[in-house]
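What follows is a short report on a single structure.
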């Protein structure tokens, strides 16, 4: 297969088609709109432009229950609107893929510029406890690969899987080889019309709402938690580059910002989570080899807290607030921190 | 089973009783929906019920067919997703006035615009009942509720005109007029396009008793005395129930260049 030039958002749509996407509902938003623009031209994929992101996610919940692999794509403001129904999809165990091409927030922020401010919203945006699987690639070819992984993980876990991107890598053009040889997971649950099941956001057991059975609720949430952890273990994706020189520092970054981290590979060991959540356990072993852990991310330390929590030790943090990724600025901050 | 009880095949009888208060009218609507299903002999394996949140939203779980109990106000977009995913399914939304016209009002308007081929049955009790009795979009003017202690300052939404905008089906009926309700639901289910039945139903515990009704029977008698049937009229007056005549659209907007 030959290399071809594609935009990040375009790669997502091609991969989604390979993964078996049949239904898409979305609402226009920069920098995610290219996804719906590409999909409307594809045969065999039903595309709806809905009135808002709330309608979009509920439409794909309906379509997914009706048996079609479904996806939506949005950016921060739309992702915020979807939160309630993301919790619903976890409770009803509906496989979905939600693409969030992050932009600078909060609120309307800077719509076309990249940021990484939605990291915690992915796991705590909806009320109650739920345990989503989140991927965050850092190149066009990775967007392609992890879109397919997101669809597979959604089918295996029967839950909404989040594919994070940002205004930078989604609008990036790179040459990729659009490989079609992936093992594609298919739907295991029969579509709507096959029985007398009741899908509900209420605490439930075997299709029956149990609104005040505390023991049943605890069993339900424990089961959902275990299911997510178990599925996630099959998608242990991260990148770890040991330093050629002797170093005591591990530099952690992800998404767009991690692309610039490669520049420092001769001074630091590099770690990049691709599956952001649940956090890849290997980080514990890798981090134990280094005296200093340094994280840089395009927010005020959202993933830093998560890493601290899992490592039970202090980590240093460099905020590169959203909008600009500048080598000199990062260089200055990195070496200031060090010496 | 004889003809009169045949509708029960659409219900999960072992889950009864419903969680509704004594005197609630929702059971009447639930039963009438099942009777309409039975009259049309809707196959269980091609019918899906979708509901939102609230008293009426709980009715979805009692249907003996696949059902989805969505988030508050979002039954219509979920139902549209199901219908566009599998056109062979009969998709029926059952929910309340607060859910469909209040929090989900925009989705209702957009579904009319899209004219999605689904049927919506609105259990219109004129109140947010599950939360204790707050004012709803169709609570009459000057009515006292928990959140309008001096009377509702607003006028109720008369949504029939929305449906005329895109030649969709609209009917208003009440829990007293059982045969009429059944006829409205049957016609709505047969309608090709977006159809909506506003079924007035009584809430005695969180609404009627505060207005001076002694029991729900008195509320039923109010429906009997207040509402007159006027089917296939151009529009329905405040005290009329019936199916509105749909008018074909005169224009399809800008012609393409």
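Protein chains in written order, with our numbering: chain A, 1 to 339; chain B, 340 to 596.
Where is the CB? At the ideal position from N, CA and C, for every residue including glycine.
What you are looking at is a predicted structure, and each value in this text was computed from that prediction instead of being measured.
If residue i sits next to residue j, beta carbons under 8 angstroms apart, how far is it from one beta carbon to the other, in whole angstroms?
i	j	result
residue 583/B	residue 568/B	Contact doesn't hold; Cβ gap of about 13 angstroms is too wide.
residue 466/B	residue 371/B	Incorrect: roughly 20 angstroms between the Cβ atoms, too far for contact.
residue 99/A	residue 73/A	4 angstroms
residue 301/A	residue 104/A	That belief does not hold up - the Cβ atoms of residue 301/A and residue 104/A are roughly 16 angstroms apart, past 8 angstroms.
residue 395/B	residue 349/B	Wrong, their Cβ atoms sit about 17 angstroms apart, outside the cutoff.
residue 71/A	residue 60/A	7 angstroms
residue 64/A	residue 32/A	Incorrect: roughly 19 angstroms between the Cβ atoms, too far for contact.
residue 399/B	residue 198/A	7 angstroms
residue 69/A	residue 22/A	5 angstroms
residue 513/B	residue 548/B	That pair is no contact at about 19 angstroms.
residue 150/A	residue 131/A	Not confirmed; about 15 angstroms, so no contact.
residue 297/A	residue 269/A	Not really, about 17 angstroms apart at Cβ, beyond 8 angstroms.
residue 294/A	residue 250/A	7 angstroms
DSSP three-state label for residue i, please.
i	result
residue 153/A	helix
residue 25/A	strand
residue 581/B	strand
residue 565/B	helix
residue 370/B	helix
residue 14/A	helix
residue 320/A	coil
residue 239/A	strand
residue 292/A	strand
residue 465/B	coil
residue 121/A	helix
residue 174/A	strand
residue 252/A	strand
residue 214/A	helix
residue 126/A	coil
residue 406/B	strand
residue 131/A	coil
residue 100/A	strand
residue 416/B	helix
residue 234/A	helix
residue 347/B	helix
residue 160/A	strand
residue 298/A	coil
residue 376/B	helix
residue 472/B	coil
residue 1/A	coil
residue 271/A	strand
residue 281/A	coil
Going by the beta-carbon positions, is the gap between residue i and residue j smaller than 8 angstroms?
i	j	result
residue 364/B	residue 464/B	yes
residue 177/A	residue 1/A	yes
residue 424/B	residue 62/A	yes
residue 53/A	residue 82/A	yes
residue 404/B	residue 430/B	no
residue 417/B	residue 58/A	yes
residue 447/B	residue 440/B	yes
residue 324/A	residue 133/A	no
residue 472/B	residue 554/B	no
residue 230/A	residue 320/A	no
residue 533/B	residue 508/B	yes
residue 196/A	residue 422/B	no
residue 140/A	residue 8/A	yes
Give the residues of chain E in contact with residue i, contact being defined as C-beta atoms less than 9 angstroms apart.
i	result
residue 425/B	Of the protein chains in this structure, namely A and B, none is chain E.
For residue i, which residues in chain A fall below 8 angstroms Cβ to Cβ?
i	result
residue 403/B	196
residue 449/B	50, 51, 55
residue 428/B	66, 192, 193
Which residues in chain B have a C-beta closer than 7 angstroms to the C-beta of residue i? List them in chain order.
i	result
residue 54/A	413
In chain B, which residues lie with their C-beta within 9 angstroms of the C-beta of residue i?
i	result
residue 23/A	420, 423, 424
residue 201/A	392, 408, 409, 410
Give me the chain B residues within the contact set of residue i, using Cβ-Cβ distance strictly less than 8 angstroms, ordered along the chain.
i	result
residue 208/A	354, 400
residue 46/A	423, 424
residue 59/A	416, 417, 419, 420, 423
Which residues of chain A have a Cβ atom closer than 7 angstroms to the Cβ of residue i, listed in chain order?
i	result
residue 387/B	192, 193
Whose Cβ in chain A lies nearer than 9 angstroms to the Cβ of residue i?
i	result
residue 556/B	Those within 9 angstroms of residue 556/B in chain A number zero; the least Cβ separation is about 29 angstroms.
residue 384/B	193, 194, 195
- request: Select from the stretch 474 to 487 of chain B all residues with a C-beta closer than 8 angstroms to any C-beta belonging to chain A, and list them in chain order.
  value: none
- prompt: the stretch 72 to 91 of chain A: which residues have C-beta closer than 7 angstroms to a C-beta of chain B, in chain order?
  reply: 84, 85, 88
message: Can you pull out the residues from the stretch 342 to 369 of chain B whose beta carbon lies closer than 9 angstroms to at least one beta carbon of chain A?
response: 351, 354, 358
query: For the stretch 521 to 554 of chain B, which residues have a CB atom closer than 7 angstroms to at least one CB atom of chain A, in sequence order?
result: none
message: For the stretch 491 to 510 of chain B, list every residue whose C-beta sits within 7 angstroms of some C-beta in chain A, in sequence order.
response: none
message: Which residues of the stretch 105 to 118 of chain A have a Cβ closer than 9 angstroms to any Cβ of chain B? Give them in chain order.
response: none
query: Relative to chain A, which residues along the stretch 431 to 457 of chain B have a C-beta separation below 7 angstroms, given in chain order?
result: 445, 446, 449
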